[in-house]
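Here the structure is laid out as structure tokens; the discussion comes afterwards.
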Amino acid sequence: MKIDYLQALKRVDDARGAWVLHGQEPLLEQNLMDAFRASWQKQEIERQRYDISSVSDWKTVFNALNSLSLFSTQLAVEVHGNIKPDAAGLKLLKSFLQHNEQNLLLIVMPKQDSSSLKTSFFQTIDANGVNVALTANYPRDRQQILAIEADKLGIKLANDAWAWLEQHHEHNLLAAKNSLMRVSDTFAEVDVIEIEHLYACLQDQSRYSTYDLSDALLAGNLAQSIKIFQYLMASGEPLSLILWSISKEMRLLMQLFEQPQNALQLGIWKTKVSQYQQALRRLSPQTFLAWPSLLIRIDASIKGLGHENAEHLVQQAIASMCGKSLFH
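Note that the sequence shown covers residues 34 to 361 in this note's numbering.
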């Protein structure tokens with residue numbers, strides 16, 4: 034079954050079987066993942082996460098799905114990566130879909146091209162699972178998505194203000210959401226946000242986004258990366274979204290190190306392959322080994338677990354991606 038982002042949001046609590054989320058809209062992915070995790074916590078469903086770096090990892094995933102812990106009746110397995118199951122993995126997927134009605138396999142992938150969407154893996158998902166394209170190709174879709182974000186913030190926009198907001202951000206949903214957060218703080222007493230409110234609030238902004246942070250990290254520019262990070266924090270960017278961007282780039286670099294010939298298959302845009310290759314030449318395998326545990330520490334600190342400062346840890350991750358260290 035194929036559904037869109039808004040339909041997926043309504044089905045989160047009842048999600049079972051196999052779901053695939055794919056696209057290049059970080060706001061949509063983060064919102065859905067937050068909704069899933071909140072639902073699992075509310076329903077007391079055990080959650081496990083796996084990152085796929087080779088085809089053989091799928092066997093571990095399906096073994097996990099078929100073996101609950103003593104204290105769980107349901108399991109949600111969250112899988113991240115861009116490597117699809119091979120023939121043996123597909124057989125395990127079909128068996129899971131036929132016999133395991135309570136558990137959920139949630140697969141999160143980058144944007145897929147048309148040929149990838151025609152593979153046996155996606156055909157199996159379309160026929161027996163749920164295929165969610167994280168896209169918003171039309172102005173009406175983007176406005177509907179952002180209207181939900183505005184509603185969360187308790188603000189309303191005039192019709193022409195929506196058009197101005199979209200034009201200002203060139204269809205970048207994440208940047209548009211940040212602007213909604215900024216205007217809601219600046220004009221908290223205004224009933225309906227007009228163009229002049231948006232203009233007054235946004236005209237002097239540098240308009241950095243997490244995409245700019247990714248570019249600076251890949252270039253190894255520590256000073257610019259820290260500057261963008263500080264700007265994003267000051268403008269109300271959720272730390273969880275900044276972590277999402279950093280972990281995505283770390284994951285791609287680690288996968289490219291293991292599979293240097295498979296840049297396009299990993300979801301790296303053709304025009305950016307050279308940037309990733311340049312970053313790899315700057316970094317060492319020992320650096321990669323430290324990243325998974327650092328990401329876990331950041332995630333835990335954002336959720337209020339432990340005693341470490343999340344912002345300081347993120348700055349450590351930024352420095353590490355730039356090939357430098359904050360401490361000697």
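Just so it is clear, CB atoms sit at the ideal spot from N, CA and C, and this is done for glycine as well.
Let me know the secondary structure DSSP gives residue i once reduced to three states.
i	result
Y396	The question about residue 396 has no answer, for the chain in this structure spans 34 to 361.
D37	strand
G339	coil
V225	strand
H361	Residue placement at H361 cannot be trusted, given a pLDDT of 48 that sits under 50; the coordinates are not used to answer.
G300	coil
A169	coil
L154	Here residue 154 turns out to be Phe, not Leu, going by the sequence shown. In this structure, F154 counts as helix in the three-state DSSP scheme.
N295	coil
F220	coil
N133	coil
Q57	coil
I351	helix
L346	helix
Y241	coil
H230	helix
H204	coil
L123	helix
L366	The shown model of the chain, from 34 to 361, leaves out residue 366, and the question about it has no answer.
Residue i bridges to which residues according to DSSP?
i	result
W197	Bridge partners of W197: none, in fact.
L108	E79
L250	According to DSSP, which records beta bridges pairwise, L250 is partnered with nothing at all.
N96	DSSP lists no partner for N96.
W52	L139 and V163
H113	D84 and V141
K189	V225
Take residue i and list the residues in its own chain whose beta-carbon comes closer than 8 angstroms to its own, dropping the five residues that flank it on each side.
i	result
G269	N211, M214, R215 and D218
V45	L65, A68, F69 and S72
I301	L285, L289 and Y309
A97	Q81, Y83, L108 and V110
Y353	A quick correction: the sequence has Ser, not Tyr, at residue 353. Contacts found: T320, A323, W324 and L327.
Excluding the 5 residues preceding and the 5 following residue i in the sequence, name in chain order all residues of the same chain whose CB lies nearer than 6 angstroms to its CB.
i	result
M142	H55 and N115
H113	D84 and V141
N161	L130
T168	G56
If I'm right that residue i touches residue j with Cβ under 8 angstroms, what's the distance once you round it to whole angstroms?
i	j	result
K117	L255	Going by Cβ atoms, the distance from K117 to L255 rounds to 36 angstroms, so no, they are not a contact pair.
L206	I178	6 angstroms
L265	Y244	Contact flag wrong, Cβ pair sits at about 11 angstroms.
A109	L139	6 angstroms
I261	L246	5 angstroms
Q63	L274	5 angstroms
H230	F220	5 angstroms
A166	D37	7 angstroms
In chain order, what residues of the same chain have a beta carbon less than 7 angstroms from the beta carbon of residue i, not counting five sequence neighbours either side?
i	result
I158	A51, V53 and N164
E227	A191 and A194
E341	R330 and S334
H361	Low local confidence applies: a pLDDT of 48 at H361 is under 50, so the model's placement there is unreliable, with the coordinate-based value given in what follows. Result list for H361: empty, nothing under 7 angstroms.
Item to check | Sufficient close CB pairs (3 or more, under 8 angstroms) joining the stretch 145–158 to the stretch 57–67 | outcome: Counting Cβ pairs under 8 angstroms, fewer than three are found: no touch.
Checklist entry - So does the stretch 174–188 actually touch the stretch 200–210, counting three or more Cβ pairs closer than 8 angstroms? => result Cβ pair count under 8 angstroms is three or more, so yes.
Next on the checklist: Using 8 angstroms as the cut-off, can you tell me whether the stretch 272–282 makes contact with the stretch 346–355, which would need three or more C-beta pairs spanning the two stretches below that distance?
Outcome noted: A contact between stretches requires three or more CB pairs, one per stretch, nearer than 8 angstroms, and the stretch 272–282 meets this requirement with the stretch 346–355.
Next on the checklist: Would you call the stretch 284–291 in contact with the stretch 299–306, where contact means no fewer than 3 C-beta pairs closer than 8 angstroms?
Outcome noted: Verdict: yes, contact present.
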